[in-house]
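In terms of numbering that gives the first Met the number 0, the sequence shown has 36 at position 37, counting the first letter as 1, and numbering is strictly consecutive.
Have a look at the structure below, then the notes.
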Amino acid sequence: MTREDIYAAVQSRVAEADLFAASALVLGVGDAQAVAVSFENLILDCYHRTKSVEQALHFGSAGIHYCLASARELDGNDDTAAKEFRYAAKRMATNVASFTWPGWDEPGIAISADQMRQGLLYARYSVRQLHELDPTAEQLAFTYWFLGAHLMADGLYAEAQAVFASALAYNREHGDDPEGRLMLEGYVGLTKLLAGQEQCGDTEYCAAITALQARDSEDAQYYVEQLMTARTVFAPPKSL
């Protein structure tokens with residue numbers, strides 16, 4: 000079955016029965032690697048095409064559990080394959096965390112408070128799992144950033160600032176991503192602003208925006224848009 004075939008069949012099973020019947024269908028698409036890839040693709044397709052956070056969460060949970068069980072079976076016999084399954088589980092968790100974060104302000108996507116709280120659990124797992132996989136500093140900086148973003152959205156500002164500080168430390172260790180560093184500094188400023196340190200937070204946030212705007216790169220401009228959208232979502236302008 001192609002990716003499109005699986006997506007169509009899954010949506011039919013969801014409509015005819017339920018999400019669990021759809022998961023059972025995925026478990027029969029082929030060997031373990033094919034099943035893992037199918038779950039990973041479904042998380043993306045259910046979010047971007049179906050616009051369903053509920054489905055993304057369901058298939059994320061099913062896929063992660065499948066990959067972790069597959070990895071456990073391979074431990075000691077094929078450690079390389081086991082590691083790949085754990086990496087797949089980590090990627091799924093990162094995507095689910097992304098799709099349950101309201102800071103993107105994605106058109107057509109509605110995220111409930113409960114779904115956002117579930118997303119924070121996926122973000123925490125993503126960090127823990129990555130540490131067990133011999134990660135690079137670049138990978139750690141990205142994964143810690145997203146945990147910080149979820150903590151900020153959930154109002155856990157002190158923990159968010161500590162996590163962003165870790166992300167910045169990994170960014171500096173990586174040493175080749177100045178735009179990423181400025182983006183992280185922008186989120187530190189936004190977190191301070193949300194925590195009540197409005198003057199200090201706004202100054203740091205605006206400094207990061209200005210520095211990013213001065214850089215001639217697609218990444219820098221993307222981060223500017225991302226930070227501005229996040230501020231609009233979490234700290235909308237006060238009406239007069």
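Virtual Cβ for every residue (Gly too), placed ideally from N, Cα, C.
Counting along the chain, where does the alpha helix (DSSP H) carrying residue i start and finish?
i: Thr99; result: Thr99 -> no alpha helix (DSSP H), and no H or E assigned at all.
i: Ser51; result: No alpha helix (DSSP H) holds Ser51; DSSP gives it neither H nor E.
i: Leu150; result: 136-152
i: Pro177; result: 177-193
i: Met115; result: 112-130
i: Asp201; result: 197-212
i: Thr231; result: 217-233
i: Asp4; result: 2-15
i: Ala109; result: Neither: Ala109 is in no alpha helix (DSSP H) and is coded neither H nor E.
i: Asp44; result: 31-47
i: Leu24; result: 18-25
i: Leu167; result: 156-173
Should residue i be labelled buried (16 or more other beta-carbon atoms within 10 Å of its own) or exposed?
i: Tyr186; result: buried
i: Gly174; result: exposed
i: Thr1; result: exposed
i: Asp44; result: buried
i: Gln54; result: buried
i: His47; result: exposed
i: Ser111; result: exposed
i: Gly188; result: buried
i: Tyr204; result: buried
i: Gly195; result: exposed
i: Ser69; result: buried
i: Tyr222; result: buried
i: Gly200; result: buried
i: Ala81; result: buried
Does the beta-carbon distance from residue i to residue j come in below 8 Å?
i: Arg71; j: Glu39; result: no
i: Gly118; j: Ala96; result: yes
i: Val52; j: Phe98; result: yes
i: Phe233; j: Leu193; result: yes
i: Asp218; j: Glu178; result: yes
i: Leu56; j: Val9; result: no
i: Glu224; j: Asp176; result: no
i: Lys50; j: Gly107; result: yes
i: His149; j: Ala122; result: yes
i: Leu120; j: Tyr86; result: no
i: Thr142; j: Thr93; result: yes
Between residue i and residue j, how many whole angstroms is the CB-CB distance? I'm expecting something under 8 Å.
i: Val36; j: Tyr65; result: Not a contact, Cβ separation roughly 11 Å.
i: Gly147; j: Ala157; result: Actually they are not in contact, since the Cβ atoms of Gly147 and Ala157 sit about 11 Å apart, beyond 8 Å.
i: Ala207; j: Leu181; result: 5 Å
i: Met115; j: Ala164; result: Incorrect: roughly 23 Å between the Cβ atoms, too far for contact.
i: Ala88; j: Leu67; result: 5 Å
Cβ pair count under 8 Å reaching 3, the segment 159-171 against the segment 205-214: no
Below 8 Å, can you find three or more Cβ-Cβ pairs linking the segment 110-126 to the segment 67-81? no
How about the segment 20-27 and the segment 56-73: do they share at least three Cβ pairs that are nearer than 8 Å? yes
If you pair each beta-carbon of the segment 212-230 with each one of the segment 99-117, do three or more pairs fall below 8 Å? yes
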